[in-house]
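Every position in the sequence shown, counted from 1, becomes a number in the numbering used here once 5 is added.
Glycine included, each C-beta is placed from N, C-alpha and C at the ideal position.
Quantities reported herein were computed from a predicted structural model and do not represent experimental measurements.
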Amino acid sequence: MTKVIKNGTIVTADRTWKADVLFKHGKIIAIGPDLHGDHEFDATGCYVMPGGIDPHTHLEMPFMGTYSADDFESGTRAALAGGTTMVVDFCLPAPQQSLLEALQMWDNKTSKASCDYSFHMAITWWGKQVFDEMATVVDKGITSFKHFMAYKGALMVDDDEMYSSFQRCADLGALPLVHAENGDVVAALSQKLLAAGNNGPEGHAYSRPPEVEGEATNRAIMIADMAGVPLYVVHVSCEQAHEAIRRARQKGMRVFGEPLIQHLTLDESEYFNKDWDHAARRVMSPPFRNKLHQDSLWAGLQAGSLQVVATDHCAFTTSQKRNGVGDFSKIPNGTGGLEDRLPVLWTTGVNTGRLTMNEFVAVTSTNIAKILNIYPKKGAIVEGADADILVWDPKRKKKITAKKQQSVIDYNVFEGFEVTGLPRYVFS
């Protein structure tokens, strides 16, 4: 059975043109005028784009004494509803656990996934076993390794471990990722704030100022340079981190930066809401920043010093968030966003003139496909590519509300936000 998308305008990262798209068995087989298939989908007035790729999700993740609420069933359903056709989740081995055992555990969670998925492998401890198993992980097709510089006493790795892992990545042709926050300083600030009685959600933001992210980003870049390996910095939230990336790239270092849709649009005032639940629901790391930092992130996307917009979708219910009543350090860190990333970015980016349509495709799909070496199978509208296709209606509108979302949590950090630009069809 062939399917054809007719009367649309194809938009990729580098060009825009009128053509039909014919596909069969999940592959694009022809692009051109007046194509016909067994099933036809009218895209009049719409843009035909590569499906979104979200390279930063945490579905059914064990964290802070609980599990993130969305599993691969509800999480991938939310992704597809918002135009994302592939997610890249994180496999997090427990201390001393085999990477291969952890990978099997994570893969077992995916039986109900509705869209394509892959994993980054986290390096949560170091030893000869990890060194050896990294090669097997790469052989299995996972070529990116995450390092947490935060969460002291849990996921955090020390600099010597990170350097050793970076060197191993260089040997294997793999890409290291970093969560860049100075975990020692965060721990010290948290203790100081709690001792002074600052135990509400706003304390979370105070314990993680932009400086701890900027310092860690710069340190990770220097360590990667010494190890001779590129670096991907996840959830870049502030000018201090962006400045470190920008400076490194100007020197010729291969550093990639990933802001989140939340940090591009929401700010730290959320933490001072008098409703504890409202503030706690928005606790994530790094926290929302002063609105002034958003200009830097948008400029990075426009100029190319930041390449990818993700979500860090790690959703917890209000009940789970209340584990931190009286102690902000026990509020599970994370927010949702999988369903809303593309509509919110189109509304605040393309509709405002900050991004072109082609830049929108680049930062939501094509750039990360290239970084993860899955382009042009993903992130492209070309013959032979996977038929992960988004038909985007730029005039369709809705008001975001938790009552109509696919995520299982009971709120939405974008509640009430009016978006213009939504999927008409999503093929995966």
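Residue 236 bridges to which residues according to DSSP?
As a first step, residue 236 is located in the sequence shown; it is residue number 231 there, counting from the start. Beta-bridge pairing links residue 236 to 260.
Taking the CB atoms as reference points, tell me whether residue 217 and residue 186 lie closer together than 7 Å.
Mapped onto the sequence shown, residue 217 falls at position 212. Mapped onto the sequence shown, residue 186 falls at position 181. Cβ atoms of residue 217 and residue 186: closer than 7 Å.
Between the region 373-383 and the region 28-45, do at least 3 Cβ pairs fall closer than 8 Å?
No: fewer than three Cβ pairs fall under 8 Å.
Pair every Cβ in the region 386-396 with every Cβ in the region 8-28, then say whether three or more of these pairs are closer than 8 Å.
These segments touch.
Of all the options 181, 169, 129, which has the alpha carbon lying nearest to the alpha carbon of residue 158?
What you label residue 158 is simply residue 153 of the sequence shown in a count that begins at 1. Considering only alpha carbons, the answer is 129.
When the Cα of residue 330 is compared with those of 284, 121, 94, 196, which residue comes out closest?
As a working mapping, residue 330 is identified with position 325 in the sequence shown. Nearest option by C-alpha distance: 284.
The alpha helix (DSSP H) spanning residue 207 covers which residue range?
Mapped onto the sequence shown, residue 207 falls at position 202. 206-211 is the span of the alpha helix (DSSP H), which, as asked, contains residue 207.
Please work out which residues of its chain come closer than 7 Å, Cβ to Cβ, to residue 354, disregarding the five sequence neighbours upstream and downstream, and give them in chain order.
The count along the sequence shown starts at 1 and reaches residue 354 at position 349. Counting only Cβ-Cβ distances below 7 Å, and skipping sequence neighbours, we find 360, 365.
Relative to the alpha-carbon of residue 126, which residue among 117, 118, 144, 120 has its alpha-carbon at the smallest distance?
Locating residue 126 in the sequence shown gives position 121, where the first residue counts as 1. It is 144 whose Cα lies nearest to the Cα of residue 126.
Is it the case that the Cβ atoms of residue 140 and residue 77 are separated by a distance below 7 Å?
Along the sequence shown, read from residue 1 onward, the residue named residue 140 stands at position 135. Along the sequence shown, read from residue 1 onward, the residue named residue 77 stands at position 72. It is not a contact, given that the beta carbons lie outside the stated cut-off.
Taking DSSP's pairing of strands, which residues face residue 333 in a bridge?
As a first step, residue 333 must be located in the sequence shown, where it is residue number 328. Beta-bridge pairing links residue 333 to no other residue.
Taking buried to mean at least 16 other C-beta atoms within 10 Å of its own C-beta, is residue 138 buried or exposed?
Indexing the sequence shown from 1 puts residue 138 at position 133. Buried is the call here.
Where does residue 174 sit, in a helix, a strand or coil, going by DSSP?
One-based indexing of the sequence shown puts residue 174 at position 169. Residue state, collapsed to three classes: helix.
Which whole-angstrom value describes the C-beta separation of residue 433 and residue 393, a residue pair presumed to lie in contact below a C-beta threshold of 8 Å?
The residue labelled residue 433 in the question sits at position 428 within the sequence shown. The residue labelled residue 393 in the question sits at position 388 within the sequence shown. With a Cβ gap of about 5 Å, residue 433 and residue 393 count as contacting.
Where does the unbroken alpha helix (DSSP H) through residue 59 begin, and where does it stop?
Taking the first residue of the sequence shown as 1, we reach residue 59 at position 54. Here residue 59 belongs to no alpha helix (DSSP H); instead the beta strand (DSSP E) covers 57-59.
Out of 215, 208, 210, 248, state which residue places its alpha-carbon closest to the alpha-carbon of residue 226.
Sequence index remark: in the sequence shown, residue 226 carries index 221 (1-based). With distances taken between Cα atoms, residue 226 lies closest to 248.
Quick one: what's got a C-beta closer than 7 Å to residue 23's C-beta in the same chain, skipping five residues either side?
Counting from one through the sequence shown, the residue named residue 23 turns up at place 18. Only 14 meet the Cβ criterion.
Quick check on the DSSP output: the alpha helix (DSSP H) that includes residue 141 runs from which residue to which?
In the sequence shown, residue 141 corresponds to position 136, counting from 1. Its alpha helix (DSSP H) spans residues 133-144.
Helix, strand or coil: which one does DSSP assign to residue 158?
In the sequence shown, counting from the first residue as 1, residue 158 sits at position 153. Residue 158 falls in the coil class under three-state DSSP.
Assuming residue 401 contacts residue 421 (C-beta within less than 8 Å), just tell me the rounded distance between them.
On the sequence shown, position 396 is the one that residue 401 refers to. On the sequence shown, position 416 is the one that residue 421 refers to. Between residue 421 and residue 401 the Cβ distance is about 18 Å, and since that is not below 8 Å, they are no contact.
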